[in-house]
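See below for the structure under consideration.
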Amino acid sequence: MVKAVVLGAAGGIGQPLALLLKSSPLIDELGLYDIVNTPGVAADLSHIATPAKVEGYLPPDDGLAKTLKGADIVVIPAGVPRKPGMTRDDLFKINAGIVRDLATGIATAVPKAFVLVISNPVNSTVPIVAEVFKKHGVFDPKRLFGVTTLDVVRASTFVAEKLGDLSLSSKVVVPVVGGHSGVTIVPLLSQSSHPLPASISEDDYKTLVHRVQFGGDEVVKAKDGAGSATLSMAYAGAEFSFKVLRALKGEKGIVAPSYVSLEADSAGAALLTKELGQELAYFSSNVELGQEGVVKINPLGKITEAEQKLIAAALPELAKNIATGVGFGTEAR
Ligand code: NAD
Ligand code: LMR
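Read in order, the letters of the sequence shown are residues 1 to 333 in full-length UniProt numbering.
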């Protein structure tokens, strides 16, 4: 029996994510928690003719603990989204506290669950969860994931567009490494399963990289004050959740980029640190998944000079974001 939980389940991401999870045969029970509307969302989803049993709770009467009870995987899209003119870091003030409190609930109720963090700024919220778990003496770095899958999904789509064949988009695989905001998002286009034309101009390459790095801004601008990516994020969040669940059920060889603590695999971390030329506590790289979570953090491998420059630009920003999250999380301790 597998139980999945969504925290922030009544939101723009939470609702379509819950729908996709309810549609999956991988899940037997679905718990939904939010500060509003979860009983309604749960009642609605419970009429769908798939096996997963759905329950929704609000904060009163220990709603968080009730929702989390028995969870194997907890996905967190709770928190505020951006409006035009804001950076993801501008969300820290509000979302840091939300994520800290939810992490406290998870550490208390289901410390062994896999935790998948969507709430922004991911570069900082993932370290907050880790610090809360450390405070409770239950931190297992193999079980904590920052969800960067939307960057991977965007890279696949934009590369397929560039190749002039959108039917390729579900087949194109591009590792996207680093973190999840602006210059910390580094698409390794040279490792694309479907190579770009060798004749691509430098300008076109730069435009493509920029579009992957700032794809979120495109959506924020188009939504014009009504929030950020929700539907594509729900798709990406479900895709990553399904990979984690397939690995949990024993499938081998599943690899996906995710923003993880480098404590999850010390040998992998050593190789990655050598490639990066500096130590970082968190980084998104291709990660091999298994029944206990992270099995292996893969190194970047062969990258181009242009990609090396992108990595160099990402590192200081990433280090700053990590320090902000660790600082907040440590205070919370
Ligand atoms: P939203 O406002 O539509 O939904 C957020 C939900 O969280 C709301 O239903 C709200 O009631 C709930 N919430 C707030 N405080 C809560 C708490 N303490 N406990 C439980 N639920 C709580 O926002 P959204 O568009 O769904 O975005 C959610 C978050 O996801 C934002 O921080 C956004 O920046 C982030 N996001 C991340 C990615 C990514 O790639 N990782 C992509 C898109 C959005
Ligand atoms: C995204 O990449 O779409 C999300 O992180 C939301 C945002 O703020 O851009």
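Note that CB positions come from ideal geometry on N, CA and C, so glycine has one too. Source: prediction; values computed, not measured.
In whole angstroms, what separates the C-alpha of residue i from that of residue j?
| i | j | result |
| --- | --- | --- |
| residue 399 | F214 | With the chain covering only 1 through 333, there is no way to say anything about residue 399. |
| P127 | Y33 | 22 Å |
| F242 | L7 | 17 Å |
| V117 | G325 | 13 Å |
| I76 | A281 | 21 Å |
| T67 | A9 | 11 Å |
| G79 | E307 | 32 Å |
| A103 | V287 | 23 Å |
| A4 | G237 | 12 Å |
| D72 | K112 | 7 Å |
| L91 | I98 | 11 Å |
| Q291 | R100 | 26 Å |
| T273 | V173 | 24 Å |
| K93 | R82 | 12 Å |
| S169 | L26 | 24 Å |
Of all the CB atoms in chain D, is at least one closer than 8 Å to the CB of residue i?
| i | result |
| --- | --- |
| I297 | No chain D appears in the structure shown, which is made up of a single protein chain. |
Under a three-way DSSP split, which group does residue i fall into?
| i | result |
| --- | --- |
| V147 | coil |
| L300 | coil |
| E279 | coil |
| S284 | strand |
| A155 | helix |
| L289 | strand |
| K53 | strand |
| G31 | strand |
| L318 | helix |
| K249 | coil |
| L26 | coil |
| A312 | helix |
| P39 | helix |
| A256 | strand |
| K69 | coil |
| A4 | strand |
Any heavy atom of the ligand NAD inside 7 Å of the beta-carbon of residue i?
| i | result |
| --- | --- |
| P81 | yes |
| T330 | no |
| D101 | yes |
| A98 | Strictly speaking, residue 98 in this sequence is Ile, with Ala absent from that position. I98 Cβ: within cutoff of the ligand NAD. |
Any heavy atom of the ligand LMR within a distance shorter than 7 Å of the CB on residue i?
| i | result |
| --- | --- |
| L7 | no |
| R246 | no |
| A229 | yes |
| V219 | yes |
**Start-end ranges of the beta strand (DSSP E) lying completely within the region 157 to 238, minimum 3 residues** = 176 to 178, 185 to 187
**Prompt:** In chain order, which beta strand (DSSP E) runs of at least 3 residues are fully inside the region 81 to 153?
**Reply:** 114 to 117, 144 to 146
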